[in-house]
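Shown next, in structure tokens, is the structure this report addresses.
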Amino acid sequence: MSDEVAAGRLRVEPLRVLVAIGLLVALVLTIEGLRTPPEVVIEMPKAMTMAPVGDCDPELVKQLARRVGMALLCDVKAADVAIPLPPNPGRPERDQYRAADIIDFIHTTLAGGGSHTLAVTEEDLYSDDMNFVLGLAEVRGRGAVISLARLRPEYYDQPPDRELLLERATKTSIHEIGHMMGLRHCPNEQCVMHFALSVAAVDAVPPEFCPRCARRLGLR
Ligand SMILES: [Zn+2]
Ligand SMILES: [Zn+2]
């Protein structure tokens with residue numbers, strides 16, 4: 458009898474230990490979850506605006522808007538005329554504009570529009586933590602910007618190629634729009650949200666979201 462009780466205890470105690478470990482793991486995961494907020498993604502809106510800023514060809518931006526609109530199943534309207542940029546580029550010695558300043562600038566200039574807006578510029582851009590950026594977006598905000606400067610083959614002493622430029626600009630636009638909707642960088646190399654700092658990295662990704670990112674945006 459006492460043997461049976463002892464055996465019973467032996468069977469129960471490892472279970473208790475497991476439950477305690479389980480609770481501890483759950484607690485640690487919860488604390489970890491509180492420390493890094495979960496990725497909150499908004500569904501792709503039905504319409505958005507593309508705004509050429511500075512010395513930028515509105516015809517090229519219209520073509521770009523059509524491609525991006527088709528890829529995102531979204532009505533992307535491009536403005537007919539480019540919005541002149543303020544004369545202060547932020548980093549005049551390198552002839553670069555601060556990307557966040559251009560986003561702020563389009564918010565002030567297009568105030569009241571309210572829709573998600575992607576600015577397109579020929580100016581080279583930098584951010585507070587990077588010497589140059591191909592684009593920048595407000596995460597879950599309403600503004601983003603891309604620069605065509607380093608997407609142009611001419612920047613690398615190669616002959617101009619409008620088709621290649623449009624392909625690269627389409628991918629960069631979709632990437633920044635993904636950030637605007639709340640997506641972070643995706644580990645999948647076959648996803649447009651994969652981190653791309655160089656133009657070679659832009660060329661390596663497809664112009665579309667992986668199934669996981671697409672689902673989160675309500676695209677699939
Ligand atoms: Zn990014
Ligand atoms: Zn992805």
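Numbering (our numbering), first residue to last: 458 to 677.
Glycine included, C-beta positions come from ideal geometry on N, C-alpha and C.
If you're wondering where the values come from, they're calculated on a predicted model, not measured in any experiment.
Going straight from the alpha carbon of residue i to that of residue j, what length do you get?
i	j	result
H632	A477	44 Å
M650	E580	23 Å
Y613	C531	33 Å
A463	R473	Confidence at A463 is low in this model, with a pLDDT of 44, below 50, so the placement of that residue should be treated as unreliable; the coordinate-derived value is given next. Rounded to the nearest angstrom, the two C-alpha atoms are 15 Å apart.
R597	E646	23 Å
Q553	I559	11 Å
V662	C648	6 Å
R677	L542	38 Å
D586	I563	22 Å
Q615	R609	9 Å
V510	P644	32 Å
S584	A528	27 Å
R607	V656	7 Å
L593	H642	13 Å
T565	V538	17 Å
E611	D660	15 Å
E595	E496	14 Å
I540	P546	15 Å
R551	C670	36 Å
Tell me whether residue i, by its Cβ, gets closer than 7 Å to a heavy atom of ligand 1.
i	result
F652	yes
H564	no
H636	yes
H642	yes
H632	yes
Examine ligand 2 and report whether any of its heavy atoms sits within less than 7 Å of the Cβ of residue i.
i	result
R669	yes
C531	no
F666	yes
N545	no
C513	no
N588	no
Pull up the DSSP beta-bridge partners for residue i, would you.
i	result
R555	Y583
G635	Its beta-bridge partners do not exist; DSSP assigns none.
D532	A504
L575	M507 and A601
L593	V602
I560	I560 pairs with nothing; no bridge assigned.
R548	Q553
I540	V510
Are the beta-carbon atoms of residue i and residue j separated by less than 8 Å?
i	j	result
M505	G675	no
L591	I603	yes
L582	A556	yes
V577	A653	no
G635	F589	no
E518	G526	Rather than Glu, the amino acid found at residue 518 in this sequence is Val. It is not a contact, given that the beta carbons lie outside the stated cut-off.
R599	T629	no
D638	V498	The residue you asked about is not Asp; residue 638 is Met in the sequence shown. For M638 and V498, yes; Cβs fall inside 8 Å.
L521	A658	no
A535	P515	yes
E624	P664	yes
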